[in-house]
Amino acid sequence: MKPPLDPSSMFIILVIFFISINIPTSLGVEDDRFENCVNAFSCGNISNLKYPFWGENRAEYCGLPDFHLECEANIPKIIIQSIKYRVLDLNSNSQSLTLVRDDYLNTLCPSEYKNNSFDPNTFKYGDGVIDVTLLYDCDDYFPKNQYVGQSCKRNNGISTYVYYVRGLVYISYCKNSVIMPVFQYLVVTPDQIPSAIDYGFRLQWMGRAPGNFMFTRVFFFFNSSMRCRNPSSTSSSVGFSIGLVNWVIMELTCHNPVD
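Numbered according to mature numbering (1 follows the signal peptide of the UniProt record, and there is no 0), the sequence shown spans residues -28 to -1, 1 to 231.
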């Protein structure tokens, strides 16, 4: 009777099996794609951003869909569910962003009304963030004398009136409403809501977004052409899924070169 395979041998066999059934058709092209993901995004007050972010010098496959960054006039912006936000601050350690709606900066009357949409599996509000409601085109049943509001002119030149309230109230009395997150401590009274919106809000991302992957393909490369005894990983750049495969790159630095 043959002795059973030890766990390490079984692992090697499985690795060889997965590689053999998933050989790239063009290693040169794919290697270029992976090396491109080593590039970092830098703009304005933020720098050296990698996974899960992408944009500018980082291709879409280098990150996740809701982490699309742009640099406009040296101002970092992120696009989440087709809505553009200015990135006022970013802390990679706490995985938090301070954002402000680009179309609501210094105005409460954009050309169109869009509500924020954050995937609950990817994002959550930071501590101390609450929702306020902007109400447009309210009917005569809305108690206008009880709430603060202002007239404004939309980008398309149409004048309108907007009321702002804490929470989600009287929405049924108005044709349009937009929910906006703000820092709670900035809204002691309703008339402070416009300035609180300009100040932004904190959004946290929760590690890697979930995905159903069959397995992970890992590529290692050295940052020099020397042979190495004991390479160590110094940085990594993780790409997005291609089909059912999750792509990972690990950059290795040689601290003990072979003479």
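Every residue, glycine too, gets a C-beta built ideally from N, C-alpha and C.
Let me check understanding here. Comparing Cα to Cα, which of the options lies closest to residue i?
i, options, result
"Y33", "C15, N11, N17, D103", "N11"
"N8", "R58, A31, D75", "A31"
"V150", "S89, L62, Q156", "S89"
"P115", "S64, I143, D91", "I143"
"N63", "D91, L107, D170, N17", "N17"
"K147", "Q67, L140, D109", "D109"
"L106", "Y171, L80, Y57, H40", "L80"
"N65", "L21, R58, E44, V160", "L21"
"D170", "C15, D61, D99, Y76", "Y76"
"C43", "F13, Q67, D61", "F13"
"D91", "R126, S54, V159", "S54"
"V141", "K125, V160, Y113", "Y113"
"P153", "I130, S123, R126, K96", "K96"
"Q67", "N117, C124, D99, K125", "D99"
"C124", "N29, Y157, N78", "N78"
Starting from residue i, trace the alpha helix (DSSP H) in both directions and tell me its first and last residue.
i, result
"Y171", "165 to 171"
Let me see if you follow: with CB-CB separation under 8 Å, is residue i close to chain B or not?
i, result
"V150", "Considering every chain present, this structure includes no chain B. It has just one protein chain."
Do residue j and residue i come within 8 Å of each other at the CB atom, strictly closer than that value?
i, j, result
"P162", "V120", "yes"
"D74", "I52", "no"
"Y133", "I165", "no"
"G35", "P48", "no"
"T94", "W177", "yes"
"Y145", "D111", "yes"
"R138", "T70", "no"
"V101", "F155", "yes"
"L60", "G172", "yes"
On the DSSP bridge assignment, give the partners of residue i in chain order.
i, result
"S131", "K125"
"G27", "R30"
"D61", "T70"
"residue 236", "The question about residue 236 has no answer, for the chain in this structure spans -28 to 231."
"I143", "The partner list for I143 (beta bridge, DSSP) is empty, contrary to what the question assumes."
"S136", "Correcting the residue identity first, residue 136 is Tyr in this sequence and not Ser. Per DSSP, L106, V120."
"L36", "Partner(s): none; L36 has no beta bridge."
"K56", "I51"
"L175", "L69, Y97"
I need the boundaries of the beta strand (DSSP E) containing residue i, first residue and last residue.
i, result
"Y108", "101 to 110"
"K147", "146 to 155"
"I52", "47 to 52"
"Y119", "No beta strand (DSSP E) holds Y119; DSSP gives it neither H nor E."
"C15", "13 to 15"
"K96", "95 to 97"
"L158", "Run containing L158: none; DSSP gives neither H nor E here."
"N20", "18 to 21"
Examine the ligand SAM and report whether any of its heavy atoms sits within less than 7 Å of the Cβ of residue i.
i, result
"Q156", "Absence of the ligand SAM from the depicted structure is noted, as is the absence of any ligand whatsoever, leaving it without description."
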